[in-house]
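Peer 1: Numbering (full-length UniProt numbering), first residue to last: 1 to 624. Even glycine gets a Cβ: it sits at the ideal position worked out from N, Cα and C. The structure under discussion is supplied below as structure tokens; questions concerning it will follow.
In structure tokens form, the structure reads like this:
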């Protein structure tokens, strides 16, 4: 610790105090003040002046150690605590647990807790939170159950822990337990509700989310910028961007940069690219400075809207106009933007010139675009990089297998599958969740576990019969298995989202919107099926997959138009886009399966009068 004394600046106020021997209170104030210098160096200067610390000194000092690199310094301070005899103090104990937790050493945190004779509630909360930070969710739950008493912090911490570790159902279940105790001693606060809203958003459970929003109002909680942002985020993830916008507008002058960023990210996720960029301009008019998260939402909007030039401009403005250094996520968006537009060479330039090493998301973005444009060489290179970064990533292995399957290289497919089996890597199964009557129902591919399985499959059969009468033909190229055509059609029929839709038909009234959450990316055949269902059965269907939202209403899906245009490398005026939608809406039901081709007919007509793009570029643009 002696070397750390060099950290203090010659201009630091502790060297120029008018009082010859400042007391402990003054030193404590300097240690806990906003860090103009290292709190540790101030403590060392305090000891240099022979001033003894008290039981407030060490908790203030321990708060400054927040990363694994500072563990050694934290241990040295721990030794000073023992030296000065403050170890029996509960406040100091709790601060030590928090310090070891922040420095990533759960074993030392647990050891400190175990040495306490009578730990108080803050100490229990601290050790539980230490486990939750490392996603040791089972250990945290055991501690939670052992607690002799629990306060609102205990419940909120455990609920939030479940959310952070992806246990959304468990979080909502625990909140229901908390509610059963309400009125005795525990009442949810704003932090609790923020975690509950995140759980609802994670599940895409709109009815649960609406109830939580109403509960906040019933309890008289003030919807400030933080809680308002949580509500906006929940509605966006549950597929109701309109409700999110209402909450955003109601915040009025309370909106901070995070509220603006959440709304922009939501618009981007739902494919409302122009609205997102317009909101960014509005934010600037209100003199709210954007941050890195804001630009991430803006760049995502450019990706989903195929706005290549705009995306490039916003990326450049980050540094030149706003002084924000692009992070790896921003580079990933730029790679995604170029790759989806077919500018694979430009995407490669970004990957090679990035100031940091490309991660899984960057290689995944390059892979996504190269697959869309059937650049097999880039696909293979991207996938090999992905597998090198994450050797046990099932998705990367499956995608490599799929690339080989699409080109008929079945020997290579079998080799990849055998490799997966040898490594013990299992493919993540497709899973779709739908909320009906406030209850979440989960379906796997070809699922037979639901108690109403027979009725679901009968309903699905009726739906598919109706679709075939209207001209539906299964897109068997999506079945990447070495099967005959009949086998491929059968494999397509029982995708999890189709089962979820059939169940919703049984349980809801005609015309009721359907919201589905899928853990994997939706295939093009399900895309076509959902469009046709929305037209024939007059249903609005919203599907959230691992990439974005897909809105289908009256047989129209805006992302089909966006991506077909993007694949052709075209940016059309809004007037032309509206004409395309109008033509699609008046198409016969039998042509819905080929709606993108109907769109291309109009597009080619448009291009004859506008020589900006050669028609030959449209030859391979019918694919989603």
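Is the distance from the Cβ of residue 40 to the Cβ of residue 69 below 8 Å?
Peer 2: Residue mapping note: residue 40 aligns to position 40 of the chain shown, counting from 1. Residue mapping note: residue 69 aligns to position 69 of the chain shown, counting from 1. Not a contact, by the Cβ cut-off of 8 Å.
Peer 1: DSSP puts residue 441 in a beta bridge; with which residues?
Peer 2: For the purposes of this step, residue 441 is taken as the residue at position 441 of the chain shown. Answer by DSSP bridge pairing, in chain order: 434.
Peer 1: Expressed to the nearest angstrom, what Euclidean distance is found between the alpha-carbon atoms of residue 190 and residue 221?
Peer 2: Along the chain shown, one-based indexing puts residue 190 at 190. Along the chain shown, one-based indexing puts residue 221 at 221. Straight-line Cα distance between these residues: approximately 7 Å.
Peer 1: With distance defined between alpha-carbon atoms, name the residue in 211, 194 and 200 nearest to residue 228.
Peer 2: On the chain shown, residue 228 is found 228 positions in, with the first residue counted as 1. Nearest option by C-alpha distance: 194.
Peer 1: Can you give the Cα-Cα distance for residue 234 and residue 28, rounded to whole angstroms?
Peer 2: If you number the chain shown from 1, residue 234 lands on position 234. If you number the chain shown from 1, residue 28 lands on position 28. Rounded to the nearest angstrom, the two C-alpha atoms are 41 Å apart.
Peer 1: Can you round the beta-carbon distance between residue 96 and residue 62 to whole angstroms, since I take them to be within the 8 Å contact cut?
Peer 2: As a first step, residue 96 must be located in the chain shown, where it is residue number 96. As a first step, residue 62 must be located in the chain shown, where it is residue number 62. Yes, residue 96 and residue 62 are in contact; Cβ-Cβ is about 6 Å, under 8 Å.
Peer 1: Name the two residues that bound the continuous beta strand (DSSP E) containing residue 552.
Peer 2: Mapped onto the chain shown, residue 552 falls at position 552. Residue 552 -> beta strand (DSSP E) spans 549–552.
Peer 1: For residue 544, which residues does DSSP report across the bridge?
Peer 2: The residue given as residue 544 occupies position 544 in the chain shown. Beta-bridge pairing links residue 544 to 517 and 549.
Peer 1: Does the stretch 149–158 come close enough to the stretch 109–129 that 3 or more CB-CB pairs lie under 8 Å?
Peer 2: Yes, since at least three Cβ pairs between the stretch 109–129 and the stretch 149–158 fall closer than 8 Å, the two stretches touch.
Peer 1: What separation, rounded to the nearest whole angstrom, lies between the Cα atoms of residue 238 and residue 507?
Peer 2: Walking along the chain shown from the start, residue 238 turns up at place 238. Walking along the chain shown from the start, residue 507 turns up at place 507. Looking at the two C-alpha atoms, the distance is approximately 19 Å.
Peer 1: Just the C-alpha distance for residue 289 and residue 320, rounded to the nearest angstrom, thanks.
Peer 2: For the purposes of this step, residue 289 is taken as residue 289 along the chain shown, with counting starting at 1. For the purposes of this step, residue 320 is taken as residue 320 along the chain shown, with counting starting at 1. Distance between the alpha carbons of residue 289 and residue 320: 14 Å.
Peer 1: Can you grab the Cα-Cα spacing for the pair residue 146 / residue 109, in whole Å?
Peer 2: Residue numbering aside, residue 146 sits at position 146 when the chain shown is read from its first letter. Residue numbering aside, residue 109 sits at position 109 when the chain shown is read from its first letter. Rounded to the nearest angstrom, the two C-alpha atoms are 17 Å apart.
Peer 1: Work out the CA separation of residue 285 and residue 254 for me, nearest whole Å.
Peer 2: Here the question's residue 254 lines up with position 254 in the chain shown. Here the question's residue 285 lines up with position 285 in the chain shown. Going from the Cα of residue 254 to the Cα of residue 285 covers about 15 Å.
Peer 1: In the DSSP assignment, find the unbroken alpha helix (DSSP H) run with residue 148 in it and report its ends.
Peer 2: In the chain shown, the residue the question calls residue 148 occupies position 148. It is not in any alpha helix (DSSP H) - residue 148 carries neither H nor E in the DSSP assignment.
Peer 1: Please return the same chain residues whose Cβ sits closer than 7 Å to the Cβ of residue 161, not counting the five positions on each side in sequence.
Peer 2: In the chain shown, counting from the first residue as 1, residue 161 sits at position 161. 132, 137 and 140, listed in sequence order.
Peer 1: Hey, how far is the Cα of residue 309 from the Cα of residue 332?
Peer 2: Working through the chain shown from its first residue, we reach residue 309 at position 309. Working through the chain shown from its first residue, we reach residue 332 at position 332. Going by the C-alpha atoms only, they are around 16 Å apart.
Peer 1: How many whole angstroms separate the CB atoms of residue 514 and residue 501, which I take to be in contact at a CB cut-off of 8 Å?
Peer 2: For this step, residue 514 is matched to residue 514 along the chain shown. For this step, residue 501 is matched to residue 501 along the chain shown. Yes, they are in contact, since the Cβ atoms of residue 514 and residue 501 sit about 6 Å apart, within 8 Å.
Peer 1: Counting C-beta neighbours from all protein chains within 10 Å, is the total for residue 242 16 or more, i.e. buried, or is it exposed?
Peer 2: Stepping through the chain shown from its first residue, residue 242 is reached at position 242. Exposed, because fewer than 16 other Cβ atoms sit within 10 Å of the Cβ of residue 242.
Peer 1: Which same chain residues end up closer than 7 Å to residue 498 when comparing Cβ atoms and leaving out the 5 residues on each side of it in sequence?
Peer 2: Taking the chain shown and counting its residues from 1, one reaches residue 498 at position 498. Excluding sequence neighbours, residue 498 sits near 460, 526 and 529.
Peer 1: Could you spell out where the alpha helix (DSSP H) holding residue 316 opens and where it closes?
Peer 2: Walking along the chain shown from the start, residue 316 turns up at place 316. 308–320 is the extent of the alpha helix (DSSP H) around residue 316.
Peer 1: Just to confirm before moving on: does the CB-CB distance between residue 265 and residue 305 stay below 8 Å?
Peer 2: The residue you call residue 265 lines up with position 265 of the chain shown. The residue you call residue 305 lines up with position 305 of the chain shown. Not a contact, by the Cβ cut-off of 8 Å.
Peer 1: Measuring alpha carbon to alpha carbon, tell me which residue in 338, 350, 352 and 538 is nearest residue 372.
Peer 2: Reading the chain shown from its first residue, position 372 is the one you call residue 372. Among 338, 350, 352 and 538, the Cα nearest to that of residue 372 belongs to 338.
Peer 1: Just mark residue 546 as buried or exposed, buried being the case when its beta carbon has 16 or more other beta carbons within 10 Å.
Peer 2: Taking the first residue of the chain shown as position 1, residue 546 is located at position 546. By the 10 Å Cβ count, residue 546 comes out exposed.
Peer 1: Taking the CB atoms as reference points, tell me whether residue 279 and residue 258 lie closer together than 8 Å.
Peer 2: Position 279 of the chain shown, counted from the start, is the residue given in the question as residue 279. Position 258 of the chain shown, counted from the start, is the residue given in the question as residue 258. Their beta carbons are not under 8 Å apart, which means residue 279 does not touch residue 258 by this criterion.
Peer 1: Just mark residue 186 as buried or exposed, buried being the case when its beta carbon has 16 or more other beta carbons within 10 Å.
Peer 2: Translated into positions along the chain shown, residue 186 becomes position 186. Residue 186 comes out buried.
Peer 1: Please look up how many angstroms separate the CB atoms of residue 540 and residue 206, rounded, as I've assumed it's under 8 Å.
Peer 2: As a first step, residue 540 is located in the chain shown; it is residue number 540 there, counting from the start. As a first step, residue 206 is located in the chain shown; it is residue number 206 there, counting from the start. Contact flag wrong, Cβ pair sits at about 13 Å.
Peer 1: Over what stretch of residues does the alpha helix (DSSP H) that includes residue 192 continue unbroken?
Peer 2: For this step, residue 192 is matched to residue 192 along the chain shown. Residue 192 -> alpha helix (DSSP H) spans 190–203.
Peer 1: Using CA coordinates, which residue listed in 144, 240 and 204 is at the minimum distance from residue 178?
Peer 2: By one-based count along the chain shown, residue 178 stands at place 178. Comparing Cα positions, the closest option is 144.
Peer 1: With a threshold of 6 Å on Cβ separation, who are the neighbours of residue 104 within its own chain once the five nearest residues in sequence on each side are excluded?
Peer 2: Taking the chain shown and counting its residues from 1, the one referred to as residue 104 is at position 104. Taken in chain order, the residues that qualify are 68.
Peer 1: Buried or exposed for residue 283, please, with buried defined as at least 16 other CB atoms from any protein chain shown within 10 angstroms of its CB.
Peer 2: Locating residue 283 in the chain shown gives position 283, where the first residue counts as 1. Looking at its Cβ environment, which holds 16 or more other Cβ atoms inside 10 Å, residue 283 is buried.
Peer 1: Can you give me the C-alpha to C-alpha distance between residue 82 and residue 156, rounded to a whole angstrom?
Peer 2: Position 82 of the chain shown, counting from 1, holds the residue named residue 82. Position 156 of the chain shown, counting from 1, holds the residue named residue 156. Approximately 32 Å between the Cα atoms of the pair.
Peer 1: Can you give me the C-alpha to C-alpha distance between residue 543 and residue 349, rounded to a whole angstrom?
Peer 2: Mapped onto the chain shown, residue 543 falls at position 543. Mapped onto the chain shown, residue 349 falls at position 349. Taking the straight line from one Cα to the other gives about 34 Å.
Peer 1: Please identify the residue among 208, 100, 318 and 462 whose C-alpha is closest to the C-alpha of residue 292.
Peer 2: As a position in the chain shown, residue 292 is number 292, starting the count at 1. When each option's Cα is compared against that of residue 292, the closest is 318.
Peer 1: Determine the burial state of residue 307: buried for a count of at least 16 other Cβ atoms within 10 Å of its Cβ, exposed for fewer.
Peer 2: For the purposes of this step, residue 307 is identified with residue 307 of the chain shown, where counting begins at 1. The residue is buried, with at least 16 neighbouring Cβ atoms inside 10 Å.
Peer 1: Who pairs with residue 328 in a beta bridge, going by DSSP?
Peer 2: Within the chain shown, residue 328 is the residue found at index 328, counting from 1. DSSP output for residue 328 lists no bridge partner at all.
Peer 1: Helix, strand or coil for residue 522? Go by DSSP, reduced to three states.
Peer 2: Locating residue 522 in the chain shown gives position 522, counting from the first residue. Residue 522: coil per DSSP, three-state reduction.
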